[in-house]
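Participant: This is the structure I have questions about; it appears just below.
Numbering (full-length UniProt numbering), first residue to last: 1 to 504.
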């Protein structure tokens, strides 16, 4: 039986029906779903949204591979290395020393993230489709539930094949095998082979397009995809296939539909923010126009997934100098509210004092809610990038200026149209400022942008420093690919992937 078990791919026992207040949903709690509503409740399980590329201490080592994060000598060599930090994989990622994770142990990203979620999605899809003789009133309900699960599954597999696979290269065969695209809830069924990246991309597209007619326009929580989220996923997908006309098409569908009630309902105007305690900014909360700035159902969250909210603070890392330099510190209100100067890492180790002094740190994750899924600002920026890539420069700048009105001090001059490369660079800079500091978003952007050799936004290599030592990683290489744990490989010899024997 062990030959048939993909470790933690299909976890369907009693825990599959458990939910908690994280999603503010109270399921019926039935052990064995038998009705459409029972399967519907499975899509509200906390595990679906909580653990996407998040380690056991809610961090993400993928962010440590990027140019967004920096480690000081104290944080790197003492907090992580000398103290044998429980998430030492973040440090190994930062210094590009493979393997980043212990290959002999379970992989949290795999077991608690992607494949734990697949247990829910596949059970919903198979379970609803297997219900006999649905009443007419339940037939459309069943279709909407299956459609949401298909979009959920497609999003998760899409980012997973990009994390565990090489740089996707449009126009190339992309025949590298990456992950198993499990689509069955039957633990007795033969396990699929590893999918090539091209196969995974094709299945992602098929899942979303199959679901699209039945995805509801409104869902009860942003962890569940609505039609705008499905369109956003297709726009994001085509950023990687470099079909930028399709990026515009799908992003425009989503943005146009979502913004019918006004942009103010989708984006917070930071000019309306203030501190609850101006004398203690580090511990102060932010007064916003509503009470949801720090909630998963923040007005800006289109599709919610949890992320590394602690990246950029001295307990784990700092924002890189390059990131800090991207901000107009006088006018960008994101810098005012989220980049705060506070005491950095300080400790004594072997009679040596390590004191980083006061450092600029990143507090956006603690003072507001961000998503590793899709936000409305990201949706607008995807459309802007599509416009810029298809040489519709005025439209791209218009989208940028729309977002900037909400992020910069009132009266800040609007951007003017420049050359195509200048506009693309402005869009990508704004995207980097807007998206999470940690998490996998910048990691995946670096992988797709590294193909554009000679462009200013292309970074073939990433350099990190700790003290006087410089470490370098190559984006289009194994440096930016996670490997499958030996724990999984041992039970799936049919994949013909050798065990990782490198010392950890």
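Even glycine gets a Cβ: it sits at the ideal position worked out from N, Cα and C.
Quick one: is residue 349 buried, meaning 16 or more other Cβ sit within 10 Å of its Cβ, or exposed?
Facilitator: exposed
Participant: Note down, one range per segment and in chain order, each alpha helix (DSSP H) of at least 4 residues found wholly within the region 154-237.
Facilitator: If we require 4 residues or more, the alpha helix (DSSP H) runs fully inside the region 154-237 come out as 197-211.
Participant: Which first and last residues belong to the alpha helix (DSSP H) in which residue 130 is found?
Facilitator: 115-130
Participant: Just confirm the distance between the C-beta atoms of residue 75 and residue 317, as a whole number of angstroms; I'd bet it's less than 8 Å.
Facilitator: Cβ atoms of residue 75 and residue 317 come within 8 Å of each other, at about 7 Å.
Participant: With DSSP run on the structure shown, which of helix, strand or coil describes residue 341?
Facilitator: strand
Participant: Examine the Cβ distances between the region 447-466 and the region 70-87 and report whether three or more of them are shorter than 8 Å.
Facilitator: yes
Participant: If residue 475 and residue 105 are in contact, beta carbons under 8 Å, what's the gap, nearest whole angstrom?
Facilitator: 27 Å between Cβ atoms; not a contact.
Participant: Under the rule that 16 or more other beta-carbon atoms within 10 Å means buried, what is residue 185, buried or exposed?
Facilitator: buried
Participant: With DSSP as the reference, label residue 52 as helix, strand or coil.
Facilitator: In the three-state scheme derived from DSSP, where H, G and I count as helix and E and B as strand, residue 52 is classed as coil.
Participant: Give, in chain order, every unbroken run of the beta strand (DSSP E) that is at least 3 residues long and sits entirely within the region 389-467.
Facilitator: Counting only runs of 3 or more, we get 461-466.
Participant: Report yes if the CB atom of residue 253 is closer than 7 Å to the CB atom of residue 231, and no otherwise.
Facilitator: yes
Participant: Tell me whether residue 107 is buried or exposed, calling it buried when 16 or more other Cβ atoms sit within 10 Å of its Cβ.
Facilitator: buried
Participant: For residue 51 and residue 440, I'd like the C-alpha separation in whole angstroms.
Facilitator: Cα to Cα, residue 51 sits roughly 13 Å from residue 440.
Participant: For the region 160-170 and the region 190-203, state whether three or more C-beta atom pairs, one from each stretch, are separated by less than 8 Å.
Facilitator: yes
Participant: Opposite residue 303 in the DSSP bridges: which residues?
Facilitator: DSSP, once it has assigned bridges, lists 374 as partnering residue 303.
Participant: Could you check whether residue 389 and residue 181 sit closer than 7 Å to each other, using their CB atoms as the reference points?
Facilitator: no
Participant: How do the region 308-326 and the region 423-437 stand: do at least 3 beta-carbon pairs fall below 8 Å, yes or no?
Facilitator: By the Cβ rule, the region 308-326 counts as touching the region 423-437, because three or more pairs are nearer than 8 Å.
Participant: Is the beta carbon of residue 282 less than 7 Å from the beta carbon of residue 340?
Facilitator: yes
Participant: Measuring straight from C-alpha to C-alpha, what distance separates residue 70 and residue 57?
Facilitator: Cα to Cα, the separation comes out at about 19 Å.
Participant: Considering only C-alpha positions, which residue in the set 444, 491 and 112 is nearest to residue 64?
Facilitator: Measuring C-alpha to C-alpha distances from residue 64 to each of 444, 491 and 112 identifies 444 as the nearest.
Participant: Would you give the residue range spanned by the alpha helix (DSSP H) that residue 364 belongs to?
Facilitator: 364-367
Participant: With distances taken Cα to Cα, identify the nearest neighbour of residue 139 among 116, 427 and 36.
Facilitator: Here the closest residue by C-alpha is 36.
Participant: Kindly indicate which three-state DSSP category residue 70 falls into: helix, strand or coil?
Facilitator: strand
Participant: For the alpha helix (DSSP H) that residue 264 lies in, which residues bound it at each end?
Facilitator: Neither: residue 264 is in no alpha helix (DSSP H) and is coded neither H nor E.
Participant: From this set, 214, 169, 149 and 126, which residue's C-alpha is nearest residue 187's C-alpha?
Facilitator: 126
Participant: Taking Cβ positions, are residue 60 and residue 438 nearer each other than 7 Å?
Facilitator: yes
Participant: Could you tell me the distance, in whole angstroms, from the CA atom of residue 481 to the CA atom of residue 286?
Facilitator: The straight-line gap from Cα to Cα measures roughly 38 Å.
Participant: Figure out for me which residue from 399, 298 and 485 has the closest Cα to the Cα of residue 497.
Facilitator: 485
Participant: Buried or exposed: residue 473, going by 16 or more other Cβ atoms within 10 Å of its Cβ?
Facilitator: Its Cβ being crowded by 16 or more others within 10 Å, residue 473 is buried.
Participant: State buried or exposed for residue 458, treating a residue as buried only when at least 16 other CB atoms are found within 10 Å of its CB.
Facilitator: exposed
Participant: Are the CB atoms of residue 152 and residue 121 within a distance shorter than 7 Å?
Facilitator: yes
Participant: DSSP on residue 105, reduced to helix/strand/coil?
Facilitator: coil
Participant: Kindly examine the ligand ADP and report whether one of its heavy atoms sits closer than 6 Å to the Cβ of residue 127.
Facilitator: Although the ligand ADP was asked about, the structure shown includes no ligands whatsoever.
Participant: Please work out which residues of its chain come closer than 7 Å, Cβ to Cβ, to residue 114, disregarding the five sequence neighbours upstream and downstream, and give them in chain order.
Facilitator: 156 and 160
Participant: When you compare only the Cα positions, how much space is there between residue 368 and residue 295?
Facilitator: 8 Å
Participant: Please list, in chain order, all residues of the same chain as residue 86 whose beta carbon is under 8 Å from its beta carbon, the five residues on each side excluded.
Facilitator: 56 and 57
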